[in-house]
Every structure is written in C-alpha cells, then in structure tokens.
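Taking it in order: structure first as structure tokens, then the write-up.
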Ligand code: ACO
C-alpha cells in the first residue's frame, strides 16, 4: 500500500486540475480515402480499428487546435490564465521549427508571462510533458503548468502513401497540472490511495530511431529541391517494427510504474493507451491480463492523433462517465524515438488550498 503521498513523485502532491480537448469538424472516412488511395474501409478497419479521422481545414496549424483545447482546460480548472507559470506543448507537427508552438499557445491563452517550450518525443510526448510538468510542480519550480498535446499530422503525411496516410488524424487535448490537497477525493480520504499523480515510467529504445521519422527539414537533412522532390518531408514508418515494439513495451512499462507505486493491474479502473491501432491495444491488454471493459478507446473516430490522443481520450471518458473521481487511471504513450511513457494517477481535481481561498 502506498504511503499518504505520491508514491514515485517526491515533493508536493500534484494533480490534474483541468482538462480540455478539441477536434476539427471535418470528418474523413475510410471510404473517402479509398476514393483517392489504393485502400479500402475493410483493410483499414480490420488492420487498425480506425473508421474515420478529423482533418483540420487549410490554414489551421497545431497551435490553433491546441489553443481551443488549452482554453477549455483553463476554464475547467477555474484558473486565471495569468496564474500559469509554464506552457509545454507536446507535438510531432509543430507550427514551425522555431519558435516553439507553445509560445503562440501561451500568448493566445493569456498566459503571456509564462515560460513556453515544445517537447518532442513522438507519440509519447503527452506523457513525457505530463511528467515534466508534474516533476516541476512537485519540486516547487512552478505552481501551475499547462500541458498541451496538439497535432495537425495531416500536414506531415504523404497522401500518396497508403501505409501511413490512413492511420493518423488531427486533434488536441490539454491539462492543467497543479499542486493538490492530498485527501481531496473520496478514496484518498478513506486512505486507499494518496490521490493525484502517482508516478511515471519513461524510457526509450533509440536502436529503433529510424523506424519512424520525417527525414528532412532539420539540420541533418536540410530542406532542398531534392528533399522536396524525394517526398522526404513526410512521415516514413516501418509499421511492422513499430507494431512489435509497441506490443512489447506497453505491458513492460505498465508493470514498472505499477510496481513503483505499489499497485497491481487489478487496481486500475481505466486504462488509456495511446490510440495507434486497436490490434496493438488488444494485444497489450492481453499481456497485461486486464479486462477489456477497463480499456478506453476512441481511435475508431479519430485515428492516431499522436500527442493529442491521451488527453482526447481522458476528456471523452470523463464526459461519458467512464472516468470518475477516485478512479485509478493508467496512461500509456509509445512512439517515435522509439519512446514510451506510462503514468499512474488517481483521477480527481487536485486543488491548491491557496487557490480555493482565492
Ligand atoms: N490499404 C490496403 N493495403 C495496404 C495498406 C492500406 N492502407 N497499407 C499497407 N497495405 C498493404 C501492404 O502493402 C502489404 O501488401 P503486400 O503484402 O502486398 O506487400 C499488406 O497491406 C500488409 O502490410 P503490412 O504492413 O504487413 O500490414 P500490417 O498488418 O502489419 O498492418 C500497420 C500495417 C497497420 C501499419 C501495422 O503494422 C501497425 O499498426 N503498425 C504500428 C503503427 C503505429 O502504431 N504507428 C504509430 C506509432 S506512434 C508515433 O510516434 C507516430
């Protein structure tokens, strides 16, 4: 049984105090893709579980989606934007290489004086950013951190490559990370769990670095006529290798974070995996030995939204009553790098007693 404070985070207790999400309105179905690519609804559904995805209208970028999600998270937290000390945007489709997408998110959300940076860790980015935020708040470096997962991956896809174009979608999700009053939720006050964010397991296997990448546009292969003509600015993926990696690491990483927090698979009420592929999720869940009814998925509607997928799931799960105060949730990201990131938390509104009084 864990102690009466976060089990693998030391310092101040920390929780998610606000949550928001946004997806663009335009729906692209598998049949829409089959009309322009050599693919079919049957292939995509059987191999991935995806039925449709959202694509942002021309002119919109990741920050535009992230700003809507971030404003919703701030409202949900009941926190004036000026109280945000730091904005971290996790994304694989930043507005630009420089400056950080987080700068525009901070400006447009009214967090003008906050520090702002982007975090790049493939589809594990949201969990990595949550870990950086939780660690900083726990240590007292910051009081309130806005973590945004925002993607317009449609801009990074080769729409002539059926092996990648069918898998991804656009969207955004955001959370506010704040100090919490331990014992704020029902189970915590009964002494079952300490409440708030409990712990993380972050890791990577850089031997798989080449399996998932956008080859050109950075300093290693700067943009040139040849890179454009060679379609090197679009995402390239070795799907089989990524599949094998993901099905291997999810159960391993989940086991580590559970062990670190003194919990078991049976303690998990809601499992929110990165929404890459239903087959990956089903296989991982089987390895974990978990009932499928505790797993939340919405990739059927949105495809793989990379850094947005986990907060997008949290938002929908809460709205549907699948994620309730006191629930123990396991979040699990995996992706380019190759990287993985797991987080265990007790869902519930962590509140800074000072803020409650204010
Ligand atoms: N429609 C029809 N046929 C297709 C399509 C398509 N969209 N894409 C590939 N195929 C074909 C292939 O060409 C191949 O044909 P062949 O046998 O004639 O050569 C056949 O389907 C089988 O291809 P595989 O790649 O073996 O298919 P697989 O069953 O492995 O599924 C998939 C492919 C869905 C990509 C799977 O490997 C996968 O999900 N991998 C993990 C992907 C992932 O999670 N990526 C995101 C990571 S997160 C991040 O950081 C971005």
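In my numbering, the protein residues as written are 70 to 427. Even glycine gets a Cβ: it sits at the ideal position worked out from N, Cα and C. Only a predicted model underlies this, so the values are computations on that prediction, with no experimental measurement involved.
Query raised in the report: Under the criterion of a Cβ to heavy atom distance below 7 Å, does residue 400 qualify as lining ligand 1?
Result: Answer for residue 400: no, Cβ out of range of ligand 1.
Query raised in the report: Between residue 410 and the rest of its own chain, which residues show a CB-CB distance below 6 Å, the 5 nearest in sequence each way excluded?
Result: 193, 196, 197, 271 and 402
**Report entry** Any non-hydrogen atom of ligand 1 within 7 Å of residue 108 CB
**Finding:** yes
Requested in this report: Return helix, strand or coil for residue 134, following the three-state DSSP convention.
Outcome: helix
Query raised in the report: Buried or exposed: which applies to residue 433, given that a residue is buried once 16 or more other Cβ atoms fall within 10 Å of its Cβ?
Result: As displayed, the chain neither begins before 70 nor continues past 427, which places residue 433 out of reach and without an answer.
**Report entry** Buried or exposed (CB count within 10 angstroms, at least 16 for buried), residue 259
**Finding:** With a pLDDT of 46 at residue 259, under the threshold of 50, the modelled position of that residue is not reliable, and the figure given next carries that caveat. Answer is exposed; the Cβ neighbour count stays below 16.
**Report entry** Unbroken alpha helix (DSSP H) run spanning residue 222, endpoints
**Finding:** Note, residue 222: premise wrong, no alpha helix (DSSP H); not H, not E.
Report task. Give the secondary structure of residue 305 by DSSP, where H, G and I count as helix, E and B as strand, and everything else as coil. Result -> strand
Requested in this report: State yes or no: is the C-beta of residue 417 within less than 8 Å of the C-beta of residue 395?
Outcome: yes
Query raised in the report: Cβ-heavy atom distance between residue 309 and ligand 1 below 7 Å?
Result: For ligand 1, a non-hydrogen atom lies closer than 7 Å to the CB of residue 309.
Query raised in the report: What's the gap between the Cα of residue 125 and the Cα of residue 366?
Result: 21 Å
Query - Endpoints, alpha helix (DSSP H) assigned at residue 348 - result: Note, residue 348: alpha helix (DSSP H), 347-357.
Query raised in the report: Taking 8 Å as the CB-CB limit, is residue 195 close to chain B?
Result: Here there is only one protein chain, and chain B is not present.
Query raised in the report: Identify the residues that DSSP records as bridge partners of residue 342: which are they?
Result: 401
Query raised in the report: Between residue 91 and residue 134, is the Cβ-Cβ spacing less than 8 Å?
Result: yes
Query raised in the report: Per DSSP, residue 195 forms a beta bridge with which residues?
Result: BP columns for residue 195 are empty, so no partner.
**Report entry** Proximity winner among 282, 287 and 153, relative to residue 304 (alpha-carbon distances)
**Finding:** 282
Report task. Note down, in chain order, each residue of its chain lying with its Cβ closer than 6 Å to the Cβ of residue 223, except the 5 sequence neighbours on either side. Result -> Once the five neighbours on either side are set aside, the close Cβ partners of residue 223 are 124 and 239.
Query raised in the report: Exposed or buried, which one is residue 377 when buried takes at least 16 other CB atoms within 10 Å?
Result: buried
Query raised in the report: Is residue 106 near residue 234, with beta carbons less than 8 Å apart?
Result: yes
Requested in this report: Within its chain, find whatever has a CB closer than 7 Å to the CB of residue 369; leave out the 5 residues flanking it on each side and keep chain order.
Outcome: 118, 119 and 120
Requested in this report: Could you tell me if the beta carbon of residue 404 falls within a distance shorter than 7 Å of some heavy atom in ligand 1?
Outcome: For ligand 1, a non-hydrogen atom lies closer than 7 Å to the CB of residue 404.
Report task. Under 7 Å Cβ to Cβ from residue 382, same chain only, skipping five residues before and after it: list those, please. Result -> Excluding the 5 residues flanking it on each side, residue 382 has same chain C-beta neighbours closer than 7 Å at 341, 344, 365 and 367, in chain order.
Report task. Check whether the Cβ of residue 382 sits closer than 7 Å to any heavy atom of ligand 1, and report yes or no. Result -> Of the heavy atoms belonging to ligand 1, none sits nearer than 7 Å to the Cβ of residue 382.
Query raised in the report: Can you find at least 3 beta carbon pairs, one from the stretch 147-165 and one from the stretch 209-218, that sit closer than 8 Å?
Result: yes
Query - N-terminal and C-terminal residue of the beta strand (DSSP E) that residue 186 is part of - result: Start and end: 184-188.
Query - Buried/exposed call for residue 167, threshold 16 Cβ in 10 Å - result: exposed
Report task. Report whether the distance from the Cβ of residue 191 to the nearest heavy atom of ligand 1 is below 7 Å. Result -> yes
Report task. List the endpoints of the continuous alpha helix (DSSP H) containing residue 381. Result -> 378-388
Report task. Run the proximity test for residue 113: is its beta-carbon closer than 7 Å to any non-hydrogen atom belonging to ligand 1? Result -> yes
Query raised in the report: Closest by CA to residue 405, which one among 275, 380, 339 and 338?
Result: 275
Query raised in the report: Is residue 210 buried or exposed, if buried means 16 or more other CB atoms sit within 10 Å of its CB?
Result: exposed
Query - Nearest neighbour of residue 407, chosen from 164, 102 and 319 [CA to CA] - result: 319
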